[in-house]
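Colleague: Take a look at the following structure, please.
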Amino acid sequence: VFPLLEQLLQQPSSPSCVRQKVLKCFSSWVQLEVPLQDCEALIQAAFAALQDSELFDSSVEAIVNAISQPDAQRYVNTLLKLIPLVLGLQDQLRQAVQNGDMETSHGICRIAVALGENHSRALLDQVEHWQSFLALVNMIMFCTGIPGHYPVNETTSSLTLTFWYTLQDDILSFEAEKQAVYQQVYRPVYFQLVDVLLHKAQFPSDEEYGFWSSDEKEQFRIYRVDISDTLMYVYEMLGAELLSNLYDKLGRLLTSSEEPYSWQHTEALLYGFQSIAETIDVNYSDVVPGLIGLIPRISISNVQLADTVMFTIGALSEWLADHPVMINSVLPLVLHALGNPELSVSSVSTLKKICRECKYDLPPYAANIVAVSQDVLMKQIHKTSQCMWLMQALGFLLSALQVEEILKNLHSLISPYIQQLEKLAEEIPNPSNKLAIVHILGLLSNLFTTLDVSHHEDDHEGPELRKLPVPQGPNPVVVVLQQVFQLIQKVLSKWLNDAQVVEAVCAIFEKSVKTLLDDFAPMVPQLCEMLGRMYSTIPQASALDLTRQLVHIFAHEPAHFPPIEALFLLVTSVTLTLFQQGPRDHPDIVDSFMQLLAQALKRKPDLFLCERLDVKAVFQCAVLALKFPEAPTVKASCGFFTELLPRCGEVEPVGKVVQEDGRMLLIAVLEAIGGQASRSLMDCFADILFALNKHCFSLLSMWIKEALQPPGFPSARLSPEQKDTFSQQILRERVNKRR
Numbered sequence: 001v002f003p004l005l006e007q008l009l010q011q012p013s014s015p016s017c018v019r020q021k022v023l024k025c026f027s028s029w030v031q032l033e034v035p036l037q038d039c040e041a042l043i044q045a046a047f048a049a050l051q052d053s054e055l056f057d058s059s060v061e062a063i064v065n066a067i068s069q070p071d072a073q074r075y076v077n078t079l080l081k082l083i084p085l086v087l088g089l090q091d092q093l094r095q096a097v098q099n100g101d102m103e104t105s106h107g108i109c110r111i112a113v114a115l116g117e118n119h120s121r122a123l124l125d126q127v128e129h130w131q132s133f134l135a136l137v138n139m140i141m142f143c144t145g146i147p148g149h150y151p152v153n154e155t156t157s158s159l160t161l162t163f164w165y166t167l168q169d170d171i172l173s174f175e176a177e178k179q180a181v182y183q184q185v186y187r188p189v190y191f192q193l194v195d196v197l198l199h200k201a202q203f204p205s206d207e208e209y210g211f212w213s214s215d216e217k218e219q220f221r222i223y224r225v226d227i228s229d230t231l232m233y234v235y236e237m238l239g240a241e242l243l244s245n246l247y248d249k250l251g252r253l254l255t256s257s258e259e260p261y262s263w264q265h266t267e268a269l270l271y272g273f274q275s276i277a278e279t280i281d282v283n284y285s286d287v288v289p290g291l292i293g294l295i296p297r298i299s300i301s302n303v304q305l306a307d308t309v310m311f312t313i314g315a316l317s318e319w320l321a322d323h324p325v326m327i328n329s330v331l332p333l334v335l336h337a338l339g340n341p342e343l344s345v346s347s348v349s350t351l352k353k354i355c356r357e358c359k360y361d362l363p364p365y366a367a368n369i370v371a372v373s374q375d376v377l378m379k380q381i382h383k384t385s386q387c388m389w390l391m392q393a394l395g396f397l398l399s400a401l402q403v404e405e406i407l408k409n410l411h412s413l414i415s416p417y418i419q420q421l422e423k424l425a426e427e428i429p430n431p432s433n434k435l436a437i438v439h440i441l442g443l444l445s446n447l448f449t450t451l452d453v454s455h456h457e458d459d460h461e462g463p464e465l466r467k468l469p470v471p472q473g474p475n476p477v478v479v480v481l482q483q484v485f486q487l488i489q490k491v492l493s494k495w496l497n498d499a500q501v502v503e504a505v506c507a508i509f510e511k512s513v514k515t516l517l518d519d520f521a522p523m524v525p526q527l528c529e530m531l532g533r534m535y536s537t538i539p540q541a542s543a544l545d546l547t548r549q550l551v552h553i554f555a556h557e558p559a560h561f562p563p564i565e566a567l568f569l570l571v572t573s574v575t576l577t578l579f580q581q582g583p584r585d586h587p588d589i590v591d592s593f594m595q596l597l598a599q600a601l602k603r604k605p606d607l608f609l610c611e612r613l614d615v616k617a618v619f620q621c622a623v624l625a626l627k628f629p630e631a632p633t634v635k636a637s638c639g640f641f642t643e644l645l646p647r648c649g650e651v652e653p654v655g656k657v658v659q660e661d662g663r664m665l666l667i668a669v670l671e672a673i674g675g676q677a678s679r680s681l682m683d684c685f686a687d688i689l690f691a692l693n694k695h696c697f698s699l700l701s702m703w704i705k706e707a708l709q710p711p712g713f714p715s716a717r718l719s720p721e722q723k724d725t726f727s728q729q730i731l732r733e734r735v736n737k738r739r
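Its first residue numbered 1, the sequence shown is counted upward by one per residue in the working numbering.
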């Protein structure tokens, strides 16, 4: 075939349409993997065809497909012959860039990257040809730094980024001696790459950026993220010298009195710092103190620059925790930015990071942080999700204060919301009131998520221990939570039928139970009673999840067992009624119910001894749940059975129901394995079989023979011999769950 294709492609008399067909045919053939040396003549002809604009796209496709064959790296001599052909396209590439011909520059770049990316290791190995490979690397560098802003003036530079990863991996994979030689050649190249990437990451002028469509802005944002990832990767090659390099450039830029600097240049350098500091531990870097010192000198005249300043401070929050003396240099900038809605995401996320990482050093600034935060919350400057983050930040902050300080700040922080809730509780329900209630409950819930005053010594080592307040008297969070509880009772008197409000109420207590643990104890009876009322009115997964938390933390304590038992029996009874009415519309409730049952068996199996609990109905509902199409629900049901079966001997009602209805469970499991359930769930069904085998062996050996007897069960594809082998293997395996 190839000689024919060569002849047709090289014949001057061949019409353009025929030559195009030839290139497409060649392009398809090489995808079947053809030895690269057999393609040599055709590849050369395709390179020649690149000069014909009609054949350009087909030629590019053919060359890229031929070079990208997985086996091509075996033909090193052919690859070496291709390098001059690729380098020979540089004039055409420069011409295309000059003329704004994006298609041509894109195509030539694809060819250069295909050769470099697929064969960098093979070509690096050819030491005597190092200069020609370096020339190819420089050609790809030109493509990375192609003039213009991505994606408006050019779409080529993004193609090259993975090449730099590959080249770096290949260099670092050599043994130490060889690696040192390559590092000498390529470290300067990678420093140049950093400059090129930071130049490409620069925003256009405000005027130009204003004309970009939202789609173009989003593509540019993603492109900058790709650049950020590349810089982070390059740090492995260049190390601390890269940070010093960026710091020196930024320092020169900000302190030079000779020429005015553009905000774009400053922003790009900071973006480089932020990219590295976000993922790499810069705590030992000697340039970070200088950087923190430079940040307040930046003249912030622009939203994009301000955003990057914020994110850079956030990326350095762990460093600030180790160097608390520097907090005062940057905290005022963050608090000032909180008041600007355009900096909402960056300022709030940065404050949250600082409050999380540096909380034991923030008490001197706490009053100011709380005051500024309260102000922006009251003015409703931020969107809902940022308000929630801000509350989480304040939770971290308050956790590190003295108890009386926590109470004082908590009261001033949530009093306005308490007053709003009281007012809303009195009013006639309407949609805007509902939104306001859900918003306030969400704020309180996020505050209690991170507000933790129970300090544990093993969490903090060394000098930090001396900073910790020693909690005395009642837990301030519980004091405030009891006030909130009374108010929520009032709100629920009018909103008990609203699923969203009920969910928001459950979220507050689920978060605070997790944080407070035993300190929550005084509120257990009241909460159990309220949960029972909510679940009886509108059964909801969130109420079951909160019940599960209470069972997990308090069911084993005799003082709390009666209210928890009463709640457990009530939600079980309501859920069983739901099963009678048709549970298919509520997979989330069934999922949470199964998790609750499993938790009860794990923490307090006595809950299954109560005469008022219909264990048989619970068992049958769980078997039904195994047949749900939703994977999480099936997983939760399997989890219930793997907790239930080991209790056959110790909990009499459980033993009785397994004896009576265990065969039904086995049939459901066999149906699932026989094709009714997703393959990804097979481990969960294996857990049930394993538990049956371990705890009910004699019953299982009888049931499995009976169950597999009917022809066509659990699948028409199975022969009696296969079923027999399966049951023997199952019964034999009582030790190794994996098998």
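Positions of the beta carbon are idealized from the N, C-alpha and C atoms, including for glycine.
Remember, predicted model here, so these are calculated numbers, not experimental data.
Three-state secondary structure (DSSP) at residue 144?
Modeller: In this structure, residue 144 counts as helix in the three-state DSSP scheme.
Colleague: Could you tell me the alpha carbon to alpha carbon distance between residue 238 and residue 154, rounded to whole angstroms?
Modeller: Each residue's Cα considered, the two are about 28 Å apart.
Colleague: Measuring alpha carbon to alpha carbon, tell me which residue in 94, 671, 604 and 565 is nearest residue 647.
Modeller: Out of 94, 671, 604 and 565, 604 has the C-alpha closest to the C-alpha of residue 647.
Colleague: Please classify residue 691: is it buried, with 16 or more other beta-carbons within 10 angstroms of its beta-carbon, or exposed?
Modeller: Buried: at least 16 other Cβ atoms inside 10 Å.
Colleague: Can you tell which of 191, 276 and 243 has its C-alpha closest to the C-alpha of residue 229?
Modeller: Out of 191, 276 and 243, 276 has the C-alpha closest to the C-alpha of residue 229.
Colleague: For residue 312 and residue 349, what's the separation of their Cα atoms in angstroms?
Modeller: About 11 Å.
Colleague: Rounded to the nearest angstrom, what separates residue 61 and residue 37 at their Cα positions?
Modeller: Taking the straight line joining both Cα atoms gives about 18 Å.
Colleague: Can you list, in chain order, the residues of its chain whose CB lies under 7 Å from that of residue 93, leaving out five sequence neighbours each side?
Modeller: Excluding residues within five positions, the ones whose Cβ falls inside 7 Å are 105 and 108.
Colleague: Is it true that the region 206-218 meets the region 285-297, where meeting means three or more beta-carbon pairs spaced less than 8 Å apart?
Modeller: Not touching, per the Cβ criterion.
Colleague: Please determine whether the Cβ atom of residue 658 lies at a distance below 7 Å from any heavy atom of the ligand SAM.
Modeller: The ligand SAM is not among the ligands present in this structure, which contains no ligands whatsoever.
Colleague: Quick one: complete alpha helix (DSSP H) runs, 4+ long, within the region 118-191?
Modeller: Those alpha helix (DSSP H) runs which fall completely within the region 118-191 and span 4+ residues are 130-144 and 161-172.
Colleague: Could you check whether the region 561-568 touches the region 614-626, counting it as contact only if at least three pairs of C-beta atoms, one from each stretch, sit closer than 8 Å?
Modeller: Taking 8 Å as the limit for Cβ pairs, the verdict is that the region 614-626 does not touch the region 561-568.
Colleague: Quick one: what's got a C-beta closer than 8 Å to residue 731's C-beta in the same chain, skipping five residues either side?
Modeller: Within the same chain, residue 731 has close Cβ partners 693, 697, 700, 701 and 704.
Colleague: Mind checking residue 16: buried by the 16 CB within 10 Å criterion, or exposed?
Modeller: The residue is exposed, with fewer than 16 neighbouring Cβ atoms inside 10 Å.
Colleague: Which residue from 495, 521 and 504 puts its Cα closest to that of residue 482?
Modeller: Measuring from the Cα of residue 482, the nearest candidate turns out to be 521.
Colleague: Classify residue 556 as buried or exposed, calling it buried when 16 or more other Cβ atoms lie within 10 Å of its own Cβ.
Modeller: Result: exposed.
Colleague: What number of angstroms, rounded off, separates the C-alpha of residue 143 from the C-alpha of residue 241?
Modeller: Rounded to whole angstroms, residue 143 to residue 241 spans 25 Å at the Cα level.
Colleague: To the nearest angstrom, how far is it from the Cα of residue 576 to the Cα of residue 583?
Modeller: Using only the alpha carbons, I get a separation of about 9 Å.
Colleague: Could you tell me whether the region 530-537 touches the region 412-419, where touching means 3 or more Cβ pairs closer than 8 Å?
Modeller: The region 530-537 is not in contact with the region 412-419.
Colleague: At 4 residues or longer, what runs of the alpha helix (DSSP H) sit wholly inside the region 586-667?
Modeller: You should have 587-603, 615-625 and 631-644.
Colleague: Can you give me the C-alpha to C-alpha distance between residue 344 and residue 86, rounded to a whole angstrom?
Modeller: Their backbone Cα atoms lie some 48 Å apart in a straight line.
Colleague: Report yes if the C-beta distance between residue 406 and residue 421 is below 8 Å; otherwise report no.
Modeller: No, the pair does not count as a contact, with Cβ atoms beyond the cut-off.
Colleague: Select from 264, 578 and 293 the residue whose C-alpha is nearest the C-alpha of residue 621.
Modeller: Ranking 264, 578 and 293 by Cα distance to residue 621 puts 578 first.
Colleague: Can you look up residue 360 in the DSSP assignment and give me helix, strand or coil?
Modeller: Three-state result, residue 360: helix.
Colleague: Which full runs of the alpha helix (DSSP H) of 4+ residues lie inside the region 193-239, going along the chain?
Modeller: Runs of the alpha helix (DSSP H) inside the region 193-239: 206-210 and 214-238.
Colleague: Going by Cα to Cα distance, which pick from 358, 342 and 687 is closest to residue 376?
Modeller: Of 358, 342 and 687, the residue nearest in Cα terms is 342.
Colleague: Is residue 279 helix, strand or coil when you go by DSSP?
Modeller: Coil, per DSSP.
Colleague: Going by other Cβ atoms of all chains shown within 10 Å of its Cβ, with 16 needed for buried, is residue 58 buried or exposed?
Modeller: Buried, by the Cβ-count rule.
Colleague: Can you tell me whether residue 384 is buried or exposed? The criterion is at least 16 other CB atoms within 10 Å of its CB, across all chains shown.
Modeller: Exposed: under 16 other Cβ atoms inside 10 Å.
Colleague: Taking buried to mean at least 16 other C-beta atoms within 10 Å of its own C-beta, is residue 325 buried or exposed?
Modeller: The residue is exposed, with fewer than 16 neighbouring Cβ atoms inside 10 Å.
Colleague: Nearest-angstrom Cα distance between residue 21 and residue 134?
Modeller: The alpha-carbon atoms of residue 21 and residue 134 are separated by roughly 35 Å.
Colleague: If you check the beta carbons only, do residue 146 and residue 162 fall under 8 Å apart?
Modeller: It is not a contact, given that the beta carbons lie outside the stated cut-off.
Colleague: Of the residues 607, 632 and 370, which one's Cα is nearest the Cα of residue 586?
Modeller: Comparing Cα positions, the closest option is 632.
Colleague: The alpha helix (DSSP H) spanning residue 379 covers which residue range?
Modeller: Segment: none, residue 379 is in no alpha helix (DSSP H) and carries neither H nor E.
Colleague: Do residue 189 and residue 137 have their C-beta atoms closer together than 8 Å?
Modeller: Closer than 8 Å, so yes.
Colleague: If you reduce the DSSP assignment to three classes, tell me which class residue 557 lands in.
Modeller: Coil, per DSSP.
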